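For reference, the structure discussed in these notes is given below.
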Amino acid sequence: MKATDPHEPGPPVAAGLAIETRGLVKRFGHRAAVDGIDLSVPRGSVFGFLGPNGSGKTTTIRLLLGLATPNSGDISVLGREMPRALASVLPDVGALVEGPGFYPFLSGAGNLLRLDSADRHAPSATRRQRVHDALDRVGLSHAAGKKVRAYSLGMKQRLGLANAMLRPRELLVLDEPTNGLDPQGTREVRGLVRSLAAGGTTVFVSSHLLAEVEQMCTHVGVMSAGRLVAQGPLDELRSSGQAHVLIQTPDVERAARVLARLGLVPGEAPGPGSPREATALLGTGLNGVEPESIVAALVADGVRVRGFTVENASLEDRFVSLTGEGFDVVG
Amino acid sequence: MSAEAAGISSVATAGPGAGWALLASELSVLFRRLRTWAMLIALAAVPILIAVAVKLSSRPATPGRGPLFLDRITQNGLFVAVTALVVCVPLFLPLTIGVVAGDTIAGEANLGTLRYLLLAPAGRVRLLLVKYAGAVAFCFAATATVAASGALAGVVLFPVGPVTLLSGDTISVGESALRSLLIAAYITVSLLGLSAIGLLISTFTDVPVGAMAATIVLSVVSQVLDNLPQLEWLHPWLFSHHWLGFADLLRQPIAWTSFGENALLQAGYIAVCGALAYAKFSNKDVLS
């Protein structure tokens, strides 16, 4: 898979790109927080925007939504150029950016009414009904009249999601949507994202939680130190990682020779194992080598095979290989 | 054909409204806030304190001498409102206006609501205008509160009768109420420049307290400079120069010159600060 290809075809669900950037750069002083990224988010996809803390995810989202101005590069959202078409694009975009922001002295419903009235396109006749529905959707109906001051972080996060869904949207941009939610809430958000996506909404969701992205996304982009180091359909990204075979054998050295002959790189298996039961971890891709032919070769050479497993690369392996082992915050 | 008609009608209803909802929402948020009420109640207490203090301590005027300035209100309760406004103009009113005007943009940034208002999208220019309108509404509310509370305290505690103006003419109780309103209007206009300065400062920071303090300090600095005779050339340009110049409204006939000069000066401050606030805010990276 090529790291970044702006002309990558979208899924059959919908044609075109919901978000496209070319050479997007944002500097703060001398440091480039976003360093020339080319994003392509297909319409109808659930796009997971991954990256360690400080890799430029939130800054990118601010640029996409016109909250900040890029130093250079082009942005197009829903096929229209940003930030020039901001006023016509934003009504079709629901967003949760860097956590919820609400008036603590207003109730949950009061906050949504306030934010909805800021949108000139939002019909005032249906305002109360839409606020009620949005609160219902995130399970906050019972706390609608409560002051936000008394909300827990998870409740505020839910209110933020309700705000993003006040009107039918073509695109939802959710920055760390499950932050502060309990496992139950996390599940609900996943269900919500799936149901929205099923309704044709493109969802752009940033996260540093790989498991979450793996469970709900169709496409993934990986940020590292302000650069987009990979993007594409989830399966493609996952399969481009290196599969490996795990062999349980007492004849480690002989097995390693066989594997080297087949073009695989032998290595130490992780985890506990007595020296007698030593295992060989065989790293680099099974490029063209059939697993069954590996077993055949091992047996032919008299290696006593006690266990044989083929393991596909997890997204986590891929993520770590792209962004570096240490989850260091890039400063 | 019918589908086409439906399409047209849906486009028509989806078009942008006049956008008054945001202004209504701004006013409702401002005036439902506990802080706003606390400030208005504090302002309302000023004339009451003055009236009560004068009531408790006043002595009959020494024969052959006129009453002292504050003691004049014992003769006629209608003076309480004007006296209270004179007392509030230099500090108490700028203090509360500084809080509201300094909070306009910085307060939203601090709460994190600024980004959500902009994402709605409220539109940056529109938001700036609505925020300023809110501050103006508060200027009026603050001045009107002092005037109303003063009138009430005066009527309750002191005799009320026809008022003698500075020009020596006497006007009826009804007309004097009208003059009080006129003075309240003059002071409201006086505070518009300060509100614009507060709005401008507010676009530069995400810390509302800083913007509030800076606005209040500027109002004090302007008044201090206005009292330095060495800086006489500067005086006509200070936004506080005409703050106490409403004596002309207490003459018969009313001299409108100072009202006009004051309005012009404040309009100048609104134009300059408004333009700078627009320049700053329309390009600002909202990172709060």
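Protein sequence lines correspond, in order, to chains A and B. Just so you know, we're using the numbering used here here: the first sequence kicks off at 8 and counts up by one. Just so you know, we're using the numbering used here here: the second sequence kicks off at 66 and counts up by one. C-beta: ideal position from N, C-alpha, C; glycine also. Keep in mind it's a predicted model, so treat the numbers as computed, not measured.
CA-to-CA distance, L231 of chain B to L315 of chain B, given in whole angstroms: Numbered from 1 along the second sequence, position 250 holds the residue referred to as residue 315 of chain B. Numbered from 1 along the second sequence, position 166 holds the residue referred to as residue 231 of chain B. Spanning the two alpha carbons is a distance of roughly 6 Å.
If we count the other Cβ atoms within 10 Å of its Cβ and call it buried at 16 or more, is D329 of chain B buried or exposed? Locating residue 329 of chain B in the second sequence gives position 264, counting from the first residue. Checking the sequence, you will find Leu at residue 329 of chain B rather than Asp. Residue environment for L329 of chain B: exposed (fewer than 16 other C-beta atoms within 10 angstroms of its C-beta).
When the cut-off is 8 Å and only beta carbons count, does D324 of chain A lie next to chain B? Your numbering for residue 324 of chain A matches position 317 in the first sequence. It does not: the Cβ of D324 of chain A has no partner Cβ on chain B nearer than 8 Å.
Taking only three categories from DSSP, how would you classify R98 of chain B? Indexing the second sequence from 1 puts residue 98 of chain B at position 33. In the structure shown, R98 of chain B falls within a coil segment according to DSSP collapsed to helix, strand and coil.
Quick one: which chain C residues come within Cβ less than 7 Å of A187 of chain B? The structure shown contains no chain C; the protein chains it does contain are A and B.
Out of A:R194, A:D182, A:T66 and A:R50, state which residue places its alpha-carbon closest to the alpha-carbon of L31 of chain A. The residue labelled residue 31 of chain A in the question sits at position 24 within the first sequence. Per the Cα distances, A:T66.
Whole-angstrom distance between L217 of chain A and H128 of chain A, CA atom to CA atom: Here residue 128 of chain A refers to the residue found at position 121 when the first sequence is read from its first residue. Here residue 217 of chain A refers to the residue found at position 210 when the first sequence is read from its first residue. The alpha-carbon atoms of H128 of chain A and L217 of chain A are separated by roughly 36 Å.
Note down the Cα distance separating V174 of chain A from V228 of chain B, rounded to an integer number of angstroms. In the first sequence, residue 174 of chain A corresponds to position 167, counting from 1. In the second sequence, residue 228 of chain B corresponds to position 163, counting from 1. The residue you asked about is not Val; residue 174 of chain A is Arg in the sequence shown. About 60 Å.
When you compare the CB of R316 of chain B with every CB in chain A, is at least one pair closer than 8 Å? Reading the second sequence from its first residue, position 251 is the one you call residue 316 of chain B. Judged by the 8 Å Cβ criterion, R316 of chain B is not in contact with chain A.
Can you tell me which of the three DSSP states T210 of chain B falls into? Locating residue 210 of chain B in the second sequence gives position 145, counting from the first residue. T210 of chain B falls in the helix class under three-state DSSP.
Measure from the alpha carbon of V252 of chain A to the alpha carbon of each residue in A:D242, A:S300, A:P240 and A:L241, then state which is nearest. Within the first sequence, residue 252 of chain A is the residue found at index 245, counting from 1. Considering only alpha carbons, the answer is A:S300.
For the beta strand (DSSP E) holding V165 of chain B, just list the boundary residues, first then last. Against the second sequence, residue 165 of chain B aligns to sequence position 100. No beta strand (DSSP E) holds V165 of chain B; the alpha helix (DSSP H) holding it covers F157 to L176.
A249 of chain B versus B:Q288, B:A207 and B:A279, residue with shortest Cα-Cα distance: Position 184 of the second sequence, counting from 1, holds the residue named residue 249 of chain B. The candidate whose alpha carbon is nearest that of A249 of chain B is B:A207.
Please classify I236 of chain B: does DSSP put it in a helix, a strand, or coil? Counting from one through the second sequence, the residue named residue 236 of chain B turns up at place 171. If DSSP states are grouped into helix, strand and coil, I236 of chain B belongs with the strands.
Between A:S159, A:P190, A:A157 and A:G115, which has its C-alpha nearest D140 of chain A's C-alpha? Taking the first residue of the first sequence as 1, we reach residue 140 of chain A at position 133. Comparing alpha carbon positions, the residue from A:S159, A:P190, A:A157 and A:G115 closest to D140 of chain A is A:G115.
First and last residue of the uninterrupted beta strand (DSSP E) at F326 of chain A: Within the first sequence, the letter at position 319 stands for residue 326 of chain A. Annotation for F326 of chain A: no beta strand (DSSP E) segment contains it, though the alpha helix (DSSP H) segment containing it runs L322 to T330.
contact_flag[the region 156 to 168 of chain B, the region 233 to 248 of chain B] where n(CB pairs < 8 Å) is 3 or more: By the Cβ test, the region 156 to 168 of chain B is not in contact with the region 233 to 248 of chain B, since fewer than three Cβ pairs between them sit closer than 8 Å.
Would you verify that the beta carbon of P298 of chain A is, or is not, closer than 8 Å to some beta carbon of chain B? On the first sequence, position 291 is the one that residue 298 of chain A refers to. P298 of chain A does not count as touching chain B.
Per DSSP, cross-strand counterpart(s) of L181 of chain A: Translated into the one-based positions of the first sequence, residue 181 of chain A becomes position 174. Looking at the DSSP assignment, L181 of chain A forms a beta bridge with A:L103 and A:V212.
Short-range partners of chain B found in the region 28 to 40 of chain A, where Cβ spacing is below 7 Å: Taking 7 Å as the Cβ-Cβ cut-off against chain B, none of the residues of the region 28 to 40 of chain A qualify.
Run down chain A in chain order and give the residues with a C-beta less than 8 Å from the C-beta of D350 of chain B. For the purposes of this step, residue 350 of chain B is taken as residue 285 along the second sequence, with counting starting at 1. Result: R69, L74, A75 and T76.
Does the beta-carbon of Q331 of chain B have 16 or more other beta-carbons within 10 angstroms, so that it is buried, or is it exposed? The count along the second sequence starts at 1 and reaches residue 331 of chain B at position 266. Buried.
When DSSP labels each residue in this structure, what does T28 of chain A get in the three-state scheme? Numbered from 1 along the first sequence, position 21 holds the residue referred to as residue 28 of chain A. Look at T28 of chain A here: in three-state DSSP terms it is strand.
Alpha carbon of S284 of chain B to alpha carbon of V254 of chain B, nearest angstrom: For this step, residue 284 of chain B is matched to residue 219 along the second sequence. For this step, residue 254 of chain B is matched to residue 189 along the second sequence. If you take the alpha carbons of S284 of chain B and V254 of chain B, they lie about 15 Å apart.
Name the residues in the region 89 to 102 of chain B whose C-beta lies less than 9 Å from a C-beta of chain A; which are they? Going along the region 89 to 102 of chain B in chain order, one finds A89, S90, E91, S93, V94, R97, R98, L99 and R100 with a Cβ nearer than 9 Å to chain A.
Where L309 of chain B sits in the DSSP three-state scheme: For the purposes of this step, residue 309 of chain B is taken as the residue at position 244 of the second sequence. Note: L309 of chain B maps to coil in three-state DSSP.
Are the C-beta atoms of T178 of chain B and some chain A residue less than 8 Å apart? In the second sequence, residue 178 of chain B corresponds to position 113, counting from 1. Cβ-Cβ to chain A under 8 Å: yes for T178 of chain B.
Alpha carbon to alpha carbon, how far is W102 of chain B from S214 of chain A? For the purposes of this step, residue 102 of chain B is identified with residue 37 of the second sequence, where counting begins at 1. For the purposes of this step, residue 214 of chain A is identified with residue 207 of the first sequence, where counting begins at 1. Cα to Cα, the separation comes out at about 42 Å.
In the DSSP assignment, the alpha helix (DSSP H) including N333 of chain B goes from what residue to what residue? The residue given as residue 333 of chain B occupies position 268 in the second sequence. First, the amino acid is wrong: residue 333 of chain B is Gly here, not Asn. Per DSSP, G333 of chain B belongs to the alpha helix (DSSP H) from T322 to S347.
Would you kindly report the start and end of the unbroken alpha helix (DSSP H) that includes M172 of chain A? Start at 1 with the first residue of the first sequence, and residue 172 of chain A comes out as number 165. Segment: none, M172 of chain A is in no alpha helix (DSSP H) and carries neither H nor E.
Contact set between the region 153 to 178 of chain A and chain B, restricted to residues whose Cβ is under 7 Å from the partner: From the region 153 to 178 of chain A, only N170 have a Cβ closer than 7 Å to chain B.
Identify the residues that DSSP records as bridge partners of R144 of chain A: which are they? In the first sequence, residue 144 of chain A corresponds to position 137, counting from 1. Beta-bridge annotation (DSSP): R144 of chain A is not paired with any residue.
Any contact of the region 53 to 62 of chain A with the region 225 to 244 of chain A, i.e. 3+ C-beta pairs under 8 Å? Here the region 53 to 62 of chain A lies against the region 225 to 244 of chain A, with 3 or more beta-carbon pairs under 8 Å apart.
The region 300 to 313 of chain B in contact with the region 182 to 200 of chain B per 3-pair CB rule at 8 Å: In short, these stretches do not touch, since the Cβ pair count stays below three.
Nearest candidate by alpha-carbon position, reference Q222 of chain A, set A:G61, A:G117 and A:R197: Stepping through the first sequence from its first residue, residue 222 of chain A is reached at position 215. Closest by alpha carbon: A:R197.
Among B:Y197, B:S245 and B:D234, which one has its Cα closest to the Cα of A216 of chain B? As a working mapping, residue 216 of chain B is identified with position 151 in the second sequence. Checked all of B:Y197, B:S245 and B:D234; the closest Cα to A216 of chain B is B:S245.
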